[in-house]
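Using the working numbering, the first residue of the sequence shown is number 444, and each one after it goes up by one. Structure record follows, encoded as structure tokens.
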Amino acid sequence: MINIQEIDGLKIACGINEEGFVEGRKNLVFIHGSGNDHTVWKSQYNAMDKDYNIAAVDLPGHGSSEGGGEQDVQAYVEWVKKIIGKLGLKKPVLIGHSLGAAISLTFAIKYGEMLSGIIPVGGGVKMPVNQIILDGIRQEPSSVIALAAKFSISRKNRERLSGWLTDSLTSVTPEVIYGDFLSCNRLDITEEILQIKIPTLLVCGDDDKMTPPALSQFMKDRIPGAEMSLIEGAGHFAMLENVKMFNRVLKNFVDSLPSLLPAKSDSSRHKGTYKNGSVGSISSIS
Numbered sequence: 444m445i446n447i448q449e450i451d452g453l454k455i456a457c458g459i460n461e462e463g464f465v466e467g468r469k470n471l472v473f474i475h476g477s478g479n480d481h482t483v484w485k486s487q488y489n490a491m492d493k494d495y496n497i498a499a500v501d502l503p504g505h506g507s508s509e510g511g512g513e514q515d516v517q518a519y520v521e522w523v524k525k526i527i528g529k530l531g532l533k534k535p536v537l538i539g540h541s542l543g544a545a546i547s548l549t550f551a552i553k554y555g556e557m558l559s560g561i562i563p564v565g566g567g568v569k570m571p572v573n574q575i576i577l578d579g580i581r582q583e584p585s586s587v588i589a590l591a592a593k594f595s596i597s598r599k600n601r602e603r604l605s606g607w608l609t610d611s612l613t614s615v616t617p618e619v620i621y622g623d624f625l626s627c628n629r630l631d632i633t634e635e636i637l638q639i640k641i642p643t644l645l646v647c648g649d650d651d652k653m654t655p656p657a658l659s660q661f662m663k664d665r666i667p668g669a670e671m672s673l674i675e676g677a678g679h680f681a682m683l684e685n686v687k688m689f690n691r692v693l694k695n696f697v698d699s700l701p702s703l704l705p706a707k708s709d710s711s712r713h714k715g716t717y718k719n720g721s722v723g724s725i726s727s728i729s
């Protein structure tokens, strides 16, 4: 079950906590990558939904969200901004994978004051996509999807995860994936990355062939105070390939950020919950 919000005439889906959002908890917003949906984060929200307020977004045209997708990262940033506002999430941490990493970085550049921090996973200041891939996803989508499913996952994890990734990529239209790939291909925040002033944890699989660790290192060297974690034995889908290590570094970073609770005694904590829209259980999403 998921939460559905109407935004700009489209029904936009998010997986959120079963009990709604608990005031005082830290807020996490998860953003998937090209051709995926919120379930790419299932190993995170199933493990963390009792500790944090979680919204795992289906971008327009993906998963259970309406729309035809976008062809520019900035357009997706505006959607995420509206989703955060609609859900009433104060100072969230944005965790984004691949295209979602580009979205989180660009969001931090433009709207950094709205965030507590960002965790870009498998990203870069540029994320070029070969023209053969761009053309192929429209002309021979099955071939491109098979290629992506193979090389996005480290060799040791392919048998376990490549089938899932193939199913995920075939659940959206080729036009939506094309728009996602084009969004990545158009990205260039080489200069703007210097404007990020909020806590940043850059995460990358140590065997990521799509966005190699050097891309994250480049950003770490330019974002003041940025941290970087390499996930052992993982390719481009680090959050699924080494769940235990990924969740540990994510939780350690989030817990290091300032609390959203006012600096008062424990007795002043608000124990109630507040809900937005039609709330469903994220723990039941697979």
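Each residue gets a CB set at the ideal place from its N, CA and C atoms; glycine is no exception.
Rounded straight-line distance, which links the Cα of residue j to that of residue i
i, j, result
"isoleucine 728", "phenylalanine 661", "Residue placement at isoleucine 728 is flagged as unreliable, the pLDDT there being 32, under the threshold of 50; the coordinate-derived value follows with that caveat. C-alpha separation (whole angstroms): 36 Å."
"tyrosine 495", "leucine 590", "36 Å"
"leucine 700", "leucine 693", "11 Å"
"threonine 482", "alanine 499", "8 Å"
"lysine 707", "tyrosine 621", "Here the model assigns lysine 707 a pLDDT of 47, short of 50, so the residue's position is not dependable, and the following value carries that caveat. When rounded, the distance between both Cα atoms is 50 Å."
"aspartate 649", "serine 547", "21 Å"
"leucine 645", "tryptophan 484", "17 Å"
"aspartate 501", "isoleucine 474", "8 Å"
"tyrosine 488", "glutamate 583", "34 Å"
"glutamine 514", "threonine 616", "14 Å"
"glutamate 618", "glycine 452", "21 Å"
"serine 702", "asparagine 460", "19 Å"
"isoleucine 497", "asparagine 600", "27 Å"
"isoleucine 588", "glutamine 574", "15 Å"
"glycine 512", "tyrosine 519", "8 Å"
Beta carbon of residue i nearer than 7 Å to that of residue j
i, j, result
"glycine 476", "glycine 543", "yes"
"leucine 673", "glycine 467", "no"
"proline 505", "serine 595", "Note that residue 505 is histidine in the sequence shown here, rather than proline. Not closer than 7 Å, so no."
"valine 536", "serine 559", "yes"
"alanine 669", "threonine 633", "no"
"glycine 565", "cysteine 647", "yes"
"valine 686", "serine 541", "no"
"lysine 553", "valine 697", "no"
Cβ neighbours of residue i in the same chain (closer than 7 Å, five flanking residues each side left out)
i, result
"leucine 630", "Val516, Ala545, Lys569 and Met570"
"phenylalanine 624", "Ser477, Val572, Ile576, Leu577 and Ile580"
Residue closest to residue i, alpha-carbon to alpha-carbon, out of the options
i, options, result
"glutamate 684", "Tyr519, Glu602 and Met557", "Glu602"
"tryptophan 607", "Glu461, Asp480, Val472 and Ile497", "Asp480"
"serine 586", "Leu502, Val619, Ser559 and Thr609", "Thr609"
"arginine 598", "Ile562, Val619 and Asp651", "Asp651"
"arginine 691", "Gly511, Met491 and Gln582", "Met491"
"valine 472", "Ser507, Glu462, Ala518 and Lys533", "Lys533"
"isoleucine 538", "Phe550, Ala518, Gly531 and Pro563", "Pro563"
"serine 508", "Met557, Ile445 and Ile561", "Ile445"
Strand pairing of residue i, partner residues [DSSP]
i, result
"leucine 644", "Glu670"
"glycine 560", "Val536"
"glycine 458", "Ala499"
"glutamate 466", "Answer by DSSP bridge pairing: none, since glutamate 466 is not bridged."
Cβ neighbours of residue i in the same chain (closer than 6 Å, five flanking residues each side left out)
i, result
"alanine 592", "Ser605, Leu608 and Thr609"
"phenylalanine 689", "Ile674, Ala681 and Met682"
"glycine 567", "Thr654 and Leu658"
"glutamine 436", "Absent from the model: residue 436. The displayed extent of the chain is 444 to 729, so no value can be given."
Check: residue i C-beta below 6 Å from any heavy atom of the ligand GDP
i, result
"histidine 540", "Summarising the ligand content, the structure contains no ligands, and the ligand GDP is consequently not present."
Own chain partners of residue i with C-beta closer than 8 Å, once the 5 adjacent residues on each side are dropped
i, result
"lysine 640", "Gly555 and Pro667"
"cysteine 627", "Ser477, Val516, Ser541, Leu542, Ala545, Met570, Pro571 and Val572"
"isoleucine 450", "Trp522, Lys525, Ile526 and Lys529"
"isoleucine 636", "Leu548, Ile552, Val568, Met662, Arg665 and Ile666"
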